[in-house]
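Right, one structure below, let's go through it.
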Amino acid sequence: MTPQAWFKQRGWTIFPFQKAVWKAALQGRSGLLHATTGSGKTYAVWFAALARAIKQPAKPKRGLRVLWLTPMRALAADTARALQEPLAELLPDWTVGMRTGDTSAAERARQTRSLPSALVTTPESLCLMLSQANAAERFAALDMVIVDEWHELMGNKRGVQAQLALARLRQWHPDLVVWGLSATPGDLTEARDTLLGGADGEIVEGALRKELVIDTLIPVNPSRFAWSGHLGLQMLQPVIDAIEPHSSTLIFTNTRSQAELWYQNLLEARPDWAGLIALHHGSLDREVRDWVEQSLKLGTLKAVICTSSLDLGVDFLPVERVLQIGSAKGIARLLQRAGRSGHAPGRPSRITLVPTNSLELLEAAGAKRAVANRQIETRHAPNKPLDVLVQHLVTMALGGGFMADALFDEVRTAWSYRTLTRAEWDWALAFVTHGGQSLTVYPEYRRVQADALGIHRVPDLALGRRHRMGIGTIVADASIQVSFISGGRIGTVEESFISRMTPGDHFLFGGRLLELVRVHDMTALVKRASGKKAAVPRWNGGKLPLSSEYAHALLDCLQDASEQRYDGPEMQAIRPLLELQQRSSALPTRQRLVIETHLCKEGQHLFVYPFAGRSVHAGLAALLAYRAAAMSPMTFSISVNEYGFELLSAEAFDWPALMRRVDLFSDTDLIADVLASLNAGELAQRRFREIARIAGLVFQGYPGQPKSTRQLQASSSLFFEVFRKHDAGNLLLLQAQQEVLEQELELSRLQATLVELRDRELSFYQTERATPLGFPLMVERVRERLSSEKLSDRVARMIAQLEKAAGP
DNA sequence: GACCTGCTGCGGGCTG
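Quick note: to get this note's numbering, add 1090 to the position in the first sequence (first position is 1).
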């Protein structure tokens, strides 16, 4: 049977994009397919692979023919099932299998004897297979590789690892056909080049463009809505009303503790929903999450409160409605989450934004505008990360060995390493052969040795074993296990959270009130507790700044407001606040940088609103403080948020005069000034922990007996110190510094912002009191110093002062 | 009457 006939039999139409993929693949061409989920993209590439197999009966019948990479284990099983279905009729002698960390030992043993015709696996598992000495043999019949959700991988080190693995497979099979699937738009050319190493390839666009509806829950009384804060419980009742009429709702929050608190508050308000609503985030135990995902699939849950843990995966959910509490921070993420609803052809996706403070009404308006204008973030692959390369070299040495020159050429065919210099390569090779300058005396860092023929191999079985256990680029959070004393795992929290507690203390986790009994062997043993007051664990997760695209959309909305245009319910709701801002000083726009000063008994506040996201503001604030202090010595306390930053000085300071005289926003000496103004050394040291782990310097410990994060942190800082003292040219140190600059301080964005600011007119205002844009920054600064209870008193006092000053 | 900030993803050797 042909693929066409198979479709015809079911009365399905073959979409033009599916035909395009089949045709290209049949002609041996690789490419990237951009299509939304649930639009038939799986079958587009799968049938392309089958069509190739049918056309080439001469190829060996046994062995691995198609490799399917997926970024998540949870997706592997679904995918394998979907591939299985058409196979029975088209190619009855083919088999489909999967290989992830979950695969049983028995199944692994079976696969060691012979791989299935099509294998669904992860980038990490693929690397493990490539580290087997007979890898070349096992992949000898490979014909096509499919990389699902390539947009999820391409921007990070997992994607780089996939690139390197693909480079190896292409080396063995120059005609290998590679197709990537990408669900979000952005720069498709870059996505294709990253996947194919810059080689020629198609870009096919799926025909289905889904209709998208974005709406906003407007607070009942917008003029009394909080000016700052991120939890948003003021919106509890509107959210309940939104959940009520629907059979299933996904509620996205930005942090795990926020999810916990919302879950608890929803249950308190609606005790009748017990058992019908559930919680899902990355620190909950796998079993708990699997149960939630299963129940969602079965349609037995009314609502799930989650973090980005449900951005991907769990396809074909019967979700009717999606709520986003607080800022989504990026337009691509918003689209991704909206796509979780209306998961059937022809049905629109819908997402409802729930603001947690007044300015998020503006964000809601900005989101609509950015989506309408297709202003969507693009992802870029990391540039030649040497930690990943070092890991790859050991993997290659295990997987049959390598010749240095040949592997150098091969690695350079991976997009991220296309500019790798011979010197960098030699450094990496030296690093795996003798640990570089400072570790030469330790045999455990002589991981790779060349034999008489020049073939590099791993000389020692134990070293190889240790390496395989460390393959991958994800570095786990600093966490310890939480389990019931009676048995049953709940999830993980940070060591630092538990270390602040004493036995008998209560905390809220996994939607339950728990009492700490004792800590033993990296596990916090707990039992159920009753009562009310309890701490909620805080996890120290990543900080996603507002994207540039999103921020620009906000400035455009402000531009409208400054011209008295208030379109849509969001802008109408925030109108009083923006008018107050305008009366007290002015509205920032793309043409105008608003700078406010405000004297009070604390000292002098300087507020600046570039609208460039918090990481850029952190850099800008530090830069400004540093440069101003260089003119006249003075100390500042700094506070930043997504919209601007504040510098507070004890003494008054003539900012307008200084800014007119000196270009404080100049980008000359930018890197030097940024490094000097921030504690870049400490940031780099923290960053180095991840690099040391990926490069294989730090061993995580054997399964079942993990080392504590404190031990791991200690050993990675030891390496950091040793390298700094005795091996200053160590390129991994340099990498740590570059990653801090690029990823944490977003240097290129900072630079772009400085360029933008130069074109903005500086507008200075001296204000009587904090403005709507300034107030949240003041709260933010106070928050850093005070516990939350004291903070609420303080906030109340600040508001009282504001209102007194505003008059009756 | 106004507070609660920071996400996600993977992997594992040996053993009659």
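Glycine is no exception: its CB is placed at the ideal position from the N, C-alpha and C atoms.
Being a predicted model, the structure only gives us computed values, none of them experimental.
Rounded to the nearest angstrom, what separates Pro1898 and Gly1276 at their Cα positions? Here residue 1898 refers to the residue found at position 808 of the first sequence. Here residue 1276 refers to the residue found at position 186 of the first sequence. Residue confidence for Pro1898 is low, a pLDDT of 43 falling below 50, so the modelled location carries little weight; the figure read from the coordinates is stated next. The straight-line gap from Cα to Cα measures roughly 50 Å.
Do three or more CB pairs link the segment 1519 to 1538 to the segment 1812 to 1830 at distances below 8 Å? yes
Are Leu1606 and Ala1614 close, meaning C-beta to C-beta below 8 Å? Looking up residue 1606 in the first sequence gives position 516. Looking up residue 1614 in the first sequence gives position 524. Yes.
From the DSSP output, in three-state form, read off Ala1890 for me. For the purposes of this step, residue 1890 is taken as the residue at position 800 of the first sequence. Correct three-state label for Ala1890: helix.
Across the segment 1492 to 1507 and the segment 1845 to 1854, are there enough close Cβ pairs to call them in contact, namely three or more that are closer than 8 Å? Below 8 Å, too few C-beta pairs join the segment 1492 to 1507 and the segment 1845 to 1854 to call them touching: fewer than three.
From the DSSP output, in three-state form, read off Pro1898 for me. Taking the first sequence and counting its residues from 1, one reaches residue 1898 at position 808. Annotation note: pLDDT 43 at Pro1898 (below 50); position unreliable, coordinate value reported separately. Reduced to three states, the DSSP call for Pro1898 is coil.
Output yes or no for whether 8 Å exceeds the beta carbon distance between Val1484 and Val1565. Taking the first sequence and counting its residues from 1, the one referred to as residue 1484 is at position 394. Taking the first sequence and counting its residues from 1, the one referred to as residue 1565 is at position 475. No, Cβ-Cβ distance for Val1484 and Val1565 is not below 8 Å.
Give the DSSP-derived three-state secondary structure of Trp1352 in the structure shown. Reading the first sequence from its first residue, position 262 is the one you call residue 1352. If DSSP states are grouped into helix, strand and coil, Trp1352 belongs with the helices.
Measuring CB to CB, does Leu1835 end up less than 8 Å from Ser1705? Within the first sequence, the letter at position 745 stands for residue 1835. Within the first sequence, the letter at position 615 stands for residue 1705. Yes, they are a contact pair.
When you compare the CB positions of Gln1481 and Ala1785, do they come within less than 8 Å of one another, or not? In the first sequence, residue 1481 corresponds to position 391, counting from 1. In the first sequence, residue 1785 corresponds to position 695, counting from 1. In contact: Gln1481 and Ala1785 (Cβ atoms closer than 8 Å).
In whole angstroms, give me the CA-to-CA distance for Ala1252 and Ile1308. Indexing the first sequence from 1 puts residue 1252 at position 162. Indexing the first sequence from 1 puts residue 1308 at position 218. Distance between the alpha carbons of Ala1252 and Ile1308 is about 44 Å.
Would the beta-carbon of Ala1393 fall within 8 Å of that of Ile1367? In the first sequence, residue 1393 corresponds to position 303, counting from 1. In the first sequence, residue 1367 corresponds to position 277, counting from 1. Contact flag set, yes.
Mind checking which residues open and close the beta strand (DSSP E) that includes Met1901? The structure shown does not extend to residue 1901, since the chain is modelled only from 1091 to 1898, so the question has no answer here.
Continuous beta strand (DSSP E) stretch holding Ala1368: start and end: The residue given as residue 1368 occupies position 278 in the first sequence. It spans 1367 to 1370 - the beta strand (DSSP E) in which Ala1368 sits, taken as one unbroken run.
Does DSSP put Thr1345 in a helix, a strand or coil? Indexing the first sequence from 1 puts residue 1345 at position 255. Coil at Thr1345, not helix or strand.
If you run the structure through DSSP and keep just helix, strand and coil, what is Gly1908? What the structure shows of the chain is the stretch from 1091 to 1898, and residue 1908 is not part of that stretch, so it cannot be assessed.
Does the pairing of the segment 1699 to 1713 with the segment 1753 to 1766 give three or more beta-carbon distances under 8 Å? yes
What are the start and end residues of each continuous beta strand (DSSP E) run of 3 or more residues lying completely inside the segment 1730 to 1813, in chain order? 1735 to 1739
State yes or no: is the C-beta of Glu1788 within less than 8 Å of the C-beta of Ser1807? Translated into the one-based positions of the first sequence, residue 1788 becomes position 698. Translated into the one-based positions of the first sequence, residue 1807 becomes position 717. Correcting the residue identity first, residue 1788 is Val in this sequence and not Glu. Contact flag unset, no.
Within 10 angstroms of the Cβ of Lys1633, are there 16 or more other Cβ atoms? Answer buried if so, exposed if not. As a first step, residue 1633 must be located in the first sequence, where it is residue number 543. Exposed, since its Cβ has fewer than 16 Cβ neighbours within 10 Å.
Reduced DSSP category for Ser1194 - H, G, I as helix; E, B as strand; rest coil: One-based indexing of the first sequence puts residue 1194 at position 104. Correct three-state label for Ser1194: coil.
The segment 1653 to 1670 in contact with the segment 1445 to 1463 per 3-pair CB rule at 8 Å: A contact exists between the segment 1653 to 1670 and the segment 1445 to 1463.
Taking 6 Å as the limit between beta carbons, can you name the residues of its chain near Ala1170, skipping five residues before and five after? Counting from one through the first sequence, the residue named residue 1170 turns up at place 80. The answer, listed in chain order, is Val1186, Met1188, Val1210.
Pairwise C-alpha distance: Leu1738 and His1695: Position 605 of the first sequence, counted from the first residue, corresponds to residue 1695. Position 648 of the first sequence, counted from the first residue, corresponds to residue 1738. The straight-line gap from Cα to Cα measures roughly 5 Å.
Rounded separation between Ala1886 and Arg1590 - CA only: As a first step, residue 1886 must be located in the first sequence, where it is residue number 796. As a first step, residue 1590 must be located in the first sequence, where it is residue number 500. Their backbone Cα atoms lie some 28 Å apart in a straight line.
Short of 6 Å in beta carbon distance, which residues of its chain neighbour Ala1418, apart from the five on each side in sequence? Order them along the chain. As a working mapping, residue 1418 is identified with position 328 in the first sequence. Closer than 6 Å at the Cβ level, and outside the excluded window around Ala1418, lie Leu1424.
For Pro1312, which residues of its own chain have a beta-carbon under 6 Å away from its beta-carbon, when the five flanking residues on both sides are left out? Residue numbering aside, residue 1312 sits at position 222 when the first sequence is read from its first letter. Result list for Pro1312: Ala1663, in chain order.
When the Cα of Val1378 is compared with those of Leu1140, Ala1455, Gln1827, Arg1579, which residue comes out closest? In the first sequence, residue 1378 corresponds to position 288, counting from 1. Among Leu1140, Ala1455, Gln1827, Arg1579, the Cα nearest to that of Val1378 is on Arg1579.
How big is the Cα-Cα spacing for Ile1588 and Gln1348? Residue numbering aside, residue 1588 sits at position 498 when the first sequence is read from its first letter. Residue numbering aside, residue 1348 sits at position 258 when the first sequence is read from its first letter. Near 18 Å, if we compare the C-alpha coordinates of Gln1348 and Ile1588.
Assigned exposure category for His1371 - 16 Cβ within 10 Å defines buried: Your numbering for residue 1371 matches position 281 in the first sequence. By the neighbour-count criterion, in which a residue is buried when 16 or more other Cβ atoms sit within 10 angstroms of its Cβ, His1371 is buried.
Whole angstroms are fine: how far does the CA of Arg1682 sit from the CA of Phe1743? To locate residue 1743, count along the first sequence from 1; it is residue 653. To locate residue 1682, count along the first sequence from 1; it is residue 592. Approximately 22 Å, taken between the alpha carbons.
When DSSP labels each residue in this structure, what does Glu1605 get in the three-state scheme? The residue given as residue 1605 occupies position 515 in the first sequence. It is a strand residue.
Let's test the definition: count the other Cβ atoms within 10 Å of the Cβ of Leu1243 and tell me whether it reaches 16, buried, or not, exposed. In the first sequence, counting from the first residue as 1, residue 1243 sits at position 153. Buried, since its Cβ has 16 or more Cβ neighbours within 10 Å.
Glu1741 vs Gly1819 beta-carbon contact at 8 Å: Residue numbering aside, residue 1741 sits at position 651 when the first sequence is read from its first letter. Residue numbering aside, residue 1819 sits at position 729 when the first sequence is read from its first letter. No, the Cβ-Cβ distance between Glu1741 and Gly1819 is not below 8 Å.
What are the boundary residues of the alpha helix (DSSP H) that Ser1638 is part of? Taking the first residue of the first sequence as 1, we reach residue 1638 at position 548. Note, Ser1638: alpha helix (DSSP H), 1638 to 1652.
Have a look at Ala1719, Leu1266, Asp1550 and flag the residue whose alpha-carbon is nearest the alpha-carbon of Ala1114. Working through the first sequence from its first residue, we reach residue 1114 at position 24. Of the candidates Ala1719, Leu1266, Asp1550, the one whose C-alpha sits nearest the C-alpha of Ala1114 is Leu1266.
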